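Working notes, beginning with the structure itself.
Number of protein chains: 2
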Amino acid sequence: MPLAPWRSPIARALYRNRSLAYCKFVQLATVRPDGHPANRTVVFRGFWEETNQLKFITDFRSQKIVDLYEQPWCEVCWYFPKTREQFRLHGRLALVSEHTQDDRLQQLRSQTWQDLSLAARAQFSWADPGEVRDLNASFQMELPSETEVLPEFCILLMDPISVDHLELRGDPQNRTDYKRQPDDRWVTIAVNP
Amino acid sequence: MPLAPWRSPIARALYRNRSLAYCKFVQLATVRPDGHPANRTVVFRGFWEETNQLKFITDFRSQKIVDLYEQPWCEVCWYFPKTREQFRLHGRLALVSEHTQDDRLQQLRSQTWQDLSLAARAQFSWADPGEVRDLNASFQMELPSETEVLPEFCILLMDPISVDHLELRGDPQNRTDYKRQPDDRWVTIAVNP
Chain A
1 MPLAPWRSPI
11 ARALYRNRSL
21 AYCKFVQLAT
31 VRPDGHPANR
41 TVVFRGFWEE
51 TNQLKFITDF
61 RSQKIVDLYE
71 QPWCEVCWYF
81 PKTREQFRLH
91 GRLALVSEHT
101 QDDRLQQLRS
111 QTWQDLSLAA
121 RAQFSWADPG
131 EVRDLNASFQ
141 MELPSETEVL
151 PEFCILLMDP
161 ISVDHLELRG
171 DPQNRTDYKR
181 QPDDRWVTIA
191 VNP
Chain B
194 MPLAPWRSPI
204 ARALYRNRSL
214 AYCKFVQLAT
224 VRPDGHPANR
234 TVVFRGFWEE
244 TNQLKFITDF
254 RSQKIVDLYE
264 QPWCEVCWYF
274 PKTREQFRLH
284 GRLALVSEHT
294 QDDRLQQLRS
304 QTWQDLSLAA
314 RAQFSWADPG
324 EVRDLNASFQ
334 MELPSETEVL
344 PEFCILLMDP
354 ISVDHLELRG
364 DPQNRTDYKR
374 QPDDRWVTIA
384 VNP
């Protein structure tokens with residue numbers, strides 16, 4: 001699959017904002033089973049191999065896992081402060097958990113686990129997120145094994161079907177829509193900001 | 194109505210991140226009529242008078258107006274980079290448009306219009322946002338009157354019923370849930386990060 005045309009503006013934005021560690025923080029919106037939206041910050045962990053799919057990590061016990069079972073569609077909002085531009089990526093989320101029956105995806109899961117920092121790995125051994133805090137619960141920075149992936153550790157792959165790129169700099173502002181066609185080609189349209 | 198208990202941590206975060214102009218940028222998630230989530234950056238414009246309602250501005254022609262007619266529930270995700278903390282505010286959106294029959298709300302609408310910069314006001318006179326760009330369309334920085342509010346100009350008031358505050362700093366991280374009760378009192382609970 002060739003690189004989608006929105007990959008180059010995202011790569012440029014990542015490069016120009018690289019002095020800000022948090023330029024890889026994006027907001028992921030899902031829909032809860034009750035039909036209300038949910039929204040949280042997640043860390044962009046690169047694209048999956050040669051695809052246009054964005055990679056995130058998550059804990060199997062987190063609420064977004066429940067959300068995506070009923071509604072896999074999501075929208076990622078990615079604002080780059082330095083260059084003042086926003087990408088809105090609309091697409092589907094796929095879960096890669098310990099139960100996923102696909103060798104390539106399990107390979108991705110264990111490789112991503114190994115690439116995590118010790119502190120990031122430790123979080124997957126913490127007490128259930130979102131539950132009332134038990135003062136005796138363990139939140140220690142214990143070091144789970146680098147090779148044995150904890151069952152709570154999951155990957156989310158986000159496969160965009162449309163991307164809306166807004167550049168606030170410029171007079172007037174520029175806005176570009178990218179839409180994936182049924183044959184997987186991408187169409188690029190300049191739209192009003 | 195007294196200040197909700199999450200107002201003080203938000204005020205503190207705003208103060209500590211005040212060197213970043215974009216610390217007032219938040220991501221607003223809504224649900225589209227087709228059931229998919231939508232997510233975009235909006236600017237926090239303060240609280241409405243003595244309430245706990247967040248104020249945003251929007252264009253009547255924007256997609257989020259369509260979204261909130263069918264699903265007024267939204268979630269605001271607010272990440273503060275300097276202090277590394279996130280607030281997730283869940284609640285309902287109310288629209289204040291030229292058709293709103295409420296003197297106080299119309300007063301709010303015209304006051305907010307007057308407080309906008311010239312450039313911000315000009316955007317409401319631009320060609321329809323999201324439509325295919327017409328190279329002849331006007332995006333000039335013309336200056337709409339300070340006193341005559343353009344019909345496209347709307348206010349969104351967001352009334353939270355729960356707030357989830359996550360502080361990434363600290364070992365372990367801290368997470369606090371604030372939940373509004375049916376009698377409008379707020380309950381504060383420490384939860385697992």
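As they're listed, the protein sequences go chains A and B. Going by the numbering used here, the first residue of the first sequence is number 1, and it counts up by one from there. Going by the numbering used here, the first residue of the second sequence is number 194, and it counts up by one from there. Just so it is clear, CB atoms sit at the ideal spot from N, CA and C, and this is done for glycine as well. Keep in mind it's a predicted model, so treat the numbers as computed, not measured.
- A Cβ-Cβ contact shorter than 7 Å links ARG238(B) with LYS248(B).
- Secondary structure of SER303(B) (DSSP, three-state): helix.
- Residues TYR371, TRP379, THR381 of the same chain have their beta carbon placed closer than 8 Å to that of PRO198(B), with the five preceding and five following residues left out of the count.
- Note on the segment 74–139 of chain A: whole alpha helix (DSSP H) runs with a minimum of 4 residues are 103–115, 118–122, in chain order.
- Proximity of the segment 202–210 of chain B to the segment 258–270 of chain B falls short of the contact definition, fewer than three beta-carbon pairs being nearer than 8 Å.
- Annotated as proximal: GLU152(A) and ASP59(A), with beta-carbon spacing under 7 Å.
- Contact check between the segment 90–108 of chain A and the segment 131–138 of chain A: fewer than three CB pairs, one atom from each, fall below 8 Å, which does not count as touching.
- Put simply, the segment 349–369 of chain B touches the segment 274–285 of chain B. At least three CB pairs are less than 8 Å apart.
- By alpha-carbon distance to VAL236(B), the top candidate from LEU349(B), ASN367(B), GLN366(B) is LEU349(B).
- DSSP places GLU146(A) in the coil class of the three-state scheme, outside both helix and strand.
- Under the criterion of beta carbons closer than 8 Å, LYS82(A) and THR30(A) do not qualify as touching, at roughly 28 Å.
- Annotated as distal: SER310(B) and CYS347(B), with beta-carbon spacing of 7 Å or more.
- ASP252(B) is bridged by DSSP to PHE346(B).
- For GLU49(A), the closest of CYS77(A), ARG32(A), THR112(A) by C-alpha to C-alpha distance is THR112(A).
- Under DSSP, ASN367(B) shares a beta bridge with GLU360(B).
- By a beta-carbon distance limit of 8 Å, ASN192(A) does not contact GLY228(B). Their separation comes to about 26 Å.
- Flagged as an interface residue toward chain A: ASP321(B), by a C-beta distance shorter than 7 Å.
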